[in-house]
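Here the sequence shown stands for residues 0 to 246, numbered as in numbering that gives the first Met the number 0.
Don't be surprised by glycine CBs; every beta carbon is placed ideally from N, CA and C.
Since this is a predicted model, take the numbers as computed values, not measurements.
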Amino acid sequence: MNDQTISTLISAISPRDYVTVLTGAGVSAESGVATFRNKDNGLWSQFDPQKLARFESFLENPELVWKWYNFRKETIYSVQPNPGHVALVEMESLFSDFYLITQNIDNLHKRAGNNSIIELHGNIEHNYCISCQQPKNDIVNLPPTCDVCGGLVRPDVVWFGEMLNQEVLRSAFFHSEQSTIFLVIGTSAQVYPAANLPVVAAQHGAKVIVVNPEPTPIDAIAHVVVREPSGEWLPEFARRIKQQWEK
Ligand code: BJW
Ligand code: ZN
0 MNDQTISTLI
10 SAISPRDYVT
20 VLTGAGVSAE
30 SGVATFRNKD
40 NGLWSQFDPQ
50 KLARFESFLE
60 NPELVWKWYN
70 FRKETIYSVQ
80 PNPGHVALVE
90 MESLFSDFYL
100 ITQNIDNLHK
110 RAGNNSIIEL
120 HGNIEHNYCI
130 SCQQPKNDIV
140 NLPPTCDVCG
150 GLVRPDVVWF
160 GEMLNQEVLR
170 SAFFHSEQST
180 IFLVIGTSAQ
190 VYPAANLPVV
200 AAQHGAKVIV
210 VNPEPTPIDA
220 IAHVVVREPS
230 GEWLPEFARR
240 IKQQWEK
């Protein structure tokens with residue numbers, strides 16, 4: 000990290016800034032949730048996204064897909080939000096305009112205590128019937144079926160080739176366009192349309208801050224790139240902003 004650039008950035012931050020954050024799997028890594036594209040232990044290094052993250056694959060083998068989601072649920076339910084999640088709760092209390100857009104389905108931002116959360120790719124805690132669209136949250140058999148119409152029940156997540164919820168997406172673009180500060184935390188920025196949000200924010204004048212131990216395509220348009228784990232850097236960032244305003 001270039002500490003001079005960070006200090007200059009922090010000294011220019013005011014409570015009137017409009018702060019939008021985009022998070023990805025990396026923000027949950029320090030809680031013990033695997034990312035997707037990490038070479039050694041990323042989910043896609045062990046599991047085939049074509050078999051697990053497409054609607055056609057779900058129809059072919061719903062039981063396999065459900066086993067995979069149940070396996071991930073076990074991990075997610077057994078872990079806790081980390082200091083990076085907690086720092087984002089702290090930041091929400093510092094700005095009247097603060098919006099947290101996440102690609103994660105793990106619900107850890109909600110569990111940490113954030114309120115203004117926009118879930119782009121759904122939430123692993125919710126399911127719905129593919130025939131009548133009714134939410135069905137208690138899963139008994141595998142694969143689960145709808146007690147109203149008998150249809151297959153699926154996790155309420157967005158797979159490859161599926162449209163994101165249009166209202167959710169509209170809101171994500173709106174807050175990205177309004178933002179004066181846009182943080183991109185723990186995402187490889189390879190999946191669209193999420194990866195377009197920081198680009199749109201930069202085009203509308205936001206300062207883009209990338210927090211990621213590894214390079215990403217967004218680094219090229221970033222005002223500051225912080226090559227550190229979010230669970231270590233975000234608490235320090237929030238502390239320094241607060242300290243400056245208390246002076
Ligand atoms: C740390 C860290 C620490 C580690 N601290 N950081 C335009 C161009 C090309 C293709 C497309 C396009 N528009 C649409 C597409 C097709 C497709 C797409 O984007 N494909 C690309 C892969 C090429 N997109 C879609 O299909 C989307 N739908 C759509 O656009 O509909 C209309 C349409 C359809 C078809 C064609 C055109 C238009 C839907 C995308 C749905 C993504 N779904 C998944 C699964 C969700 C459910 C589940 O979780 O099971 O979402 S895939 C997976 O990737 C998941 C994630 O949310 C998403 C993003 O991953 P993320 O979060 O970035 O994780 P990683 O692992 O990639 O990165 C982690 C990062 O953390 C790394 O950089 C680490 O370095 C870092 N890190 N430790 C900070 N401690
Ligand atoms: Zn149904």
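Tell me which residues share the same chain as residue 135 and place their Cβ nearer than 8 Å to its Cβ, disregarding the 5 neighbours each side in the sequence. Your numbering for residue 135 matches position 136 in the sequence shown. Hits under 8 Å: 126, 127, 128, 143, 145, 146 and 152.
Within 10 Å of its beta-carbon, does residue 58 have 16 or more other beta-carbons around it, so buried, or fewer, so exposed? Taking the sequence shown and counting its residues from 1, one reaches residue 58 at position 59. Exposed, since its Cβ has fewer than 16 Cβ neighbours within 10 Å.
Would you check if the stretch 111 to 127 and the stretch 170 to 183 touch, i.e. whether three or more CB-CB distances between them fall below 8 Å? The answer is yes - the stretch 111 to 127 touches the stretch 170 to 183, with three or more Cβ pairs under 8 Å.
So the candidates are 35, 31 and 205; which of them puts its Cα closest to the Cα of residue 20? Taking the sequence shown and counting its residues from 1, the one referred to as residue 20 is at position 21. Restricting attention to 35, 31 and 205, the CA atom closest to the CA of residue 20 is found in 205.
Could you give the residue range of the alpha helix (DSSP H) that holds residue 61? In the sequence shown, the residue the question calls residue 61 occupies position 62. Unbroken alpha helix (DSSP H) run through residue 61: 61 to 77.
Put residue 19 into one of helix, strand or coil per three-state DSSP. For the purposes of this step, residue 19 is taken as the residue at position 20 of the sequence shown. When DSSP states are grouped into helix, strand and coil, residue 19 belongs to the strand group.
With a cut-off of 8 Å, do at least 3 Cβ pairs link the stretch 93 to 109 to the stretch 41 to 54? With a cut-off of 8 Å, the stretch 41 to 54 and the stretch 93 to 109 do not count as touching, because too few Cβ pairs lie within range.
Buried or exposed: which applies to residue 192, given that a residue is buried once 16 or more other Cβ atoms fall within 10 Å of its Cβ? Stepping through the sequence shown from its first residue, residue 192 is reached at position 193. Flag for residue 192 reads exposed.
Quick one: what's got a C-beta closer than 8 Å to residue 75's C-beta in the same chain, skipping five residues either side? The residue labelled residue 75 in the question sits at position 76 within the sequence shown. The beta carbon of residue 75 sits closer than 8 Å to those of 32, 105, 106, 107 and 123, all from its chain and outside the five residues before and after it, given in chain order.
Does residue 259 come out as helix, strand or coil in the three-state DSSP assignment? A query on residue 259 cannot be resolved here, the shown segment of the chain reaching from 0 to 246 and no further.
Touch test, the stretch 226 to 242 against the stretch 75 to 94, Cβ-Cβ under 8 Å, three pairs minimum: Under the three-pair Cβ rule at 8 Å, the stretch 226 to 242 counts as touching the stretch 75 to 94.
Do you know whose CA, among 184, 101, 112 and 158, lies nearest residue 170's CA? The residue given as residue 170 occupies position 171 in the sequence shown. Minimum Cα-Cα distance from residue 170 among the listed residues 184, 101, 112 and 158 corresponds to 101.
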